[in-house]
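Colleague:
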DNA sequence: CAGTGGTCTAGACCACCCA
DNA sequence: GGGTGGTCTAGACCACTGC
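So, in structure tokens, the structure goes:
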């Protein structure tokens, strides 16, 4: 087996193993080859194999038993979020087996709201670019997401920005920055009139609200957002490993 | 600096560094000593320091910048859950700076509900031990949690079990098992009458519901639970690193 | 007892940042 | 160019599992 060098050997190994699991080459519940076997087989060191397996273990894809072996998790019905990226609604919809699409509802420059001033550490009424979108799963509206970006950090006029991009690519492309980490707050709300309308909900059907702030490597806030998340449709599931 | 051997050097190092951060010995926003410096200072290898730092980075405690250094995250207002353990309400309450306590509402053996039969892979109407508790933060009720454990996996009569234990210790003590991982589903609900009463809520105030299933190393379900979580009081916050 | 994963070390080279 | 984190290697020893 040959491993190309360009992108992180560890990543290549974990991707390869994940692929073998998804394709059932390693069947659910079965034992993987030992770390040393894999290392030999792939021509990498055992440490590298271990990093790759550790990644899969934190995603819940694989279970490790000391003195025994590494097993494919048989409870894999689904595993979005957690390691996968709670922020990437396109990917979440894809994982759930549906066809994702985006509709841009509005894109406008307006003064920052109070909550945005605080989240983004702005001055009073600095302008932000507000991008509001609906994420569809098989043409059913699943998420109503609004994101606010300080106009000062955009490298292009907002009109020229592609509203279809996932938020991380948007940041890379138009803000020339990379997201280092993000903080999510989850709460339960009753949908307002607009949300009810867009997501086709009853007024008394509570939904999840995800409030996010993304930071760059300098620890400066890049973007904040608030999403109404129809978990009846998508499911919000976390896997936690107890290493 | 002397590092005792008994428990994982990596853990000791990350605990030590976390402590230095919390005590502001490493101030918010400041740069930590380099990996090599720390390795020398603590008398361990650089690889060990790196594992420890990696752990802190995934918790959002620390930011790493290639070619530059490792910095204390200045946005540390709070960071429960994610790495910390969403399941451990006592710890979450403690982290939020309040005094946690538990009241046992009911402890009973009853036939498994349909959802429990499915989650726990039981036979029809196998008996389960149902433990219902309220978690208080400074005497304000924050979480109403119900857990169901198959009676067949208890080593002691249910009456003799300590209802004050965190669920993982409960499992270790009374089921002689260790939790390998758990799966969380989060959704938004309107509280039923009992929940309204216990958590002192209005009928139209939506709350979070956490449904959990815990599995052991054999990938067998150990326990399932459903909790009503007052996020207005506790906050449900996740930190995601974008390595 | 042999085989597995868990931990740790020492040393190497690279990519990136900044003065 | 010098220092930093990012990656990888090779080899060692330990703890646990199951036969």
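Chains as they are written, first to last, in my numbering: chain A, 1 to 243; chain B, 244 to 486. Glycine included, C-beta positions come from ideal geometry on N, C-alpha and C.
Mind listing which residues of the stretch 418–444 of chain B have their C-beta closer than 7 Å to chain A's C-betas, in chain order?
Modeller: Answer set for the stretch 418–444 of chain B: 422, 423, 424, 425, 426, 427, 428, 429, 430, 431, 432, 433.
Colleague: Under a CB-based cut-off of 8 Å, is residue 14/A close to chain B?
Modeller: No, its Cβ sits nowhere closer than 8 Å to a Cβ of chain B.
Colleague: Can you find the residues in the same chain that come closer than 8 Å, C-beta to C-beta, to residue 444/B, ignoring five residues on each side of it along the sequence?
Modeller: Only 434, 438, 450, 473 meet the Cβ criterion.
Colleague: Between the stretch 298–314 of chain B and chain A, which residues of the former have a C-beta closer than 8 Å to a C-beta of the latter?
Modeller: So the close ones are 303, 306, 308, 314.
Colleague: Let's test the definition: count the other Cβ atoms within 10 Å of the Cβ of residue 354/B and tell me whether it reaches 16, buried, or not, exposed.
Modeller: Classification for residue 354/B: exposed.
Colleague: Quick check on residue 448/B: does DSSP put it in helix, strand or coil?
Modeller: If DSSP states are grouped into helix, strand and coil, residue 448/B belongs with coil.
Colleague: Label residue 393/B either buried or exposed according to how many other C-beta atoms from any shown protein chain fall within 10 Å of its C-beta, with 16 as the threshold for buried.
Modeller: Residue 393/B should be labelled buried.
Colleague: Smallest Cα separation from residue 383/B: which of 308/B, 255/B, 267/B, 477/B?
Modeller: Looking at the Cα atoms, 477/B is the closest of the given residues.
Colleague: Measuring straight from C-alpha to C-alpha, what distance separates residue 23/A and residue 177/A?
Modeller: Each residue's Cα considered, the two are about 36 Å apart.
Colleague: List, in chain order, every chain B residue whose beta-carbon is nearer than 9 Å to that of residue 236/A.
Modeller: Chain B residues near residue 236/A: 427, 428, 429, 430.
Colleague: Compare the C-alpha of residue 142/A against each of 92/A, 20/A, 69/A and name the closest.
Modeller: Ranking the options by Cα distance to residue 142/A, first place goes to 92/A.
Colleague: Would you mind working out which of 340/B, 300/B, 398/B sits nearest residue 381/B, comparing C-alpha positions?
Modeller: When each option's Cα is compared against that of residue 381/B, the closest is 340/B.
Colleague: Considering only the beta carbon of each residue, do residue 423/B and residue 468/B sit closer than 8 Å?
Modeller: Contact: no.
Colleague: Does the CB of residue 165/A have a neighbour CB from chain B at under 8 Å?
Modeller: Taking Cβ atoms only, chain B never reaches closer than 8 Å to residue 165/A, which makes this a no.
Colleague: For the alpha helix (DSSP H) holding residue 356/B, just list the boundary residues, first then last.
Modeller: It is not in any alpha helix (DSSP H) - residue 356/B carries neither H nor E in the DSSP assignment.
Colleague: Rounded to whole angstroms, what's the CA-CA distance from residue 295/B to residue 251/B? Just pull it up for me.
Modeller: The straight-line gap from Cα to Cα measures roughly 10 Å.
Colleague: To which residues of the same chain is residue 271/B closer than 6 Å at the C-beta, ignoring the five residues directly before and after it?
Modeller: Taken in chain order, the residues that qualify are 315, 317.
Colleague: Can you find the residues in the same chain that come closer than 6 Å, C-beta to C-beta, to residue 125/A, ignoring five residues on each side of it along the sequence?
Modeller: Excluding residues within five positions, the ones whose Cβ falls inside 6 Å are 111.
Colleague: Quick one: what's got a C-beta closer than 7 Å to residue 260/B's C-beta in the same chain, skipping five residues either side?
Modeller: The residues are 295, 299.
Colleague: Since residue 87/A and residue 182/A should fall inside the 8 Å C-beta cutoff, what is the C-beta to C-beta distance between them, to a whole number of angstroms?
Modeller: Between residue 182/A and residue 87/A the Cβ distance is about 6 Å, and since that is below 8 Å, they are a contact.
Colleague: Using a Cβ cut-off of 9 Å, which residues of the stretch 23–53 of chain A contact any Cβ in chain B, in chain order?
Modeller: Against chain B - using a Cβ distance shorter than 9 Å - the residues of the stretch 23–53 of chain A are 29, 47.
Colleague: Grab the span of the beta strand (DSSP E) containing residue 404/B for me, first residue to last.
Modeller: That residue, residue 404/B, is in no beta strand (DSSP E); it is neither H nor E in DSSP.
Colleague: When the Cα of residue 416/B is compared with those of 401/B, 377/B, 361/B, 482/B, which residue comes out closest?
Modeller: The shortest Cα separation from residue 416/B among 401/B, 377/B, 361/B, 482/B belongs to 401/B.
Colleague: Under a CB-based cut-off of 8 Å, is residue 21/A close to chain B?
Modeller: Taking Cβ atoms only, chain B never reaches closer than 8 Å to residue 21/A, which makes this a no.
Colleague: Give every residue of the same chain whose Cβ lies closer than 6 Å to the Cβ of residue 307/B, excluding the five residues on either side of it in the sequence, and list them in chain order.
Modeller: Around residue 307/B: 300, 313.
Colleague: Would residue 109/A pass as an interface residue toward chain B - the criterion being a Cβ-Cβ separation below 8 Å?
Modeller: No, residue 109/A does not count as interfacial toward chain B.
Colleague: Mind checking residue 147/A: buried by the 16 CB within 10 Å criterion, or exposed?
Modeller: Buried.
Colleague: Scan the stretch 177–202 of chain A and note each continuous alpha helix (DSSP H) run of 4 residues or more that stays entirely inside, going in chain order.
Modeller: Within the stretch 177–202 of chain A, the complete alpha helix (DSSP H) runs of at least 4 residues are 193–199.
Colleague: Can you check whether the CB of residue 228/A is closer than 8 Å to the CB of residue 144/A?
Modeller: Yes; because the gap between Cβ atoms is below 8 Å, this pair is in contact.
Colleague: Thinking just about the alpha-carbon of each residue, which of 108/A, 116/A, 214/A is nearest to the one in residue 129/A?
Modeller: Checked all of 108/A, 116/A, 214/A; the closest Cα to residue 129/A is 108/A.
Colleague: When the Cα atoms are used, what is the spatial distance from residue 255/B to residue 99/A?
Modeller: Rounded to the nearest angstrom, the two C-alpha atoms are 46 Å apart.
Colleague: What did DSSP end up calling residue 306/B once you bin it into helix, strand or coil?
Modeller: Reduced to three states, the DSSP call for residue 306/B is strand.
Colleague: Cα separation between residue 187/A and residue 209/A?
Modeller: Near 5 Å, if we compare the C-alpha coordinates of residue 209/A and residue 187/A.
Colleague: Does any residue of chain B bring its CB to less than 8 Å from the CB of residue 239/A?
Modeller: Yes - at least one Cβ of chain B is within 8 Å of the one on residue 239/A.
Colleague: Could you tell me how far apart the beta carbons of residue 211/A and residue 428/B are, in whole angstroms, since I believe they sit closer than 8 Å?
Modeller: The pair is not a contact, with the Cβ atoms about 20 Å apart (cut-off 8 Å).
Colleague: Just how far apart, CA to CA, sit residue 49/A and residue 66/A?
Modeller: Roughly 16 Å between the two C-alpha positions.
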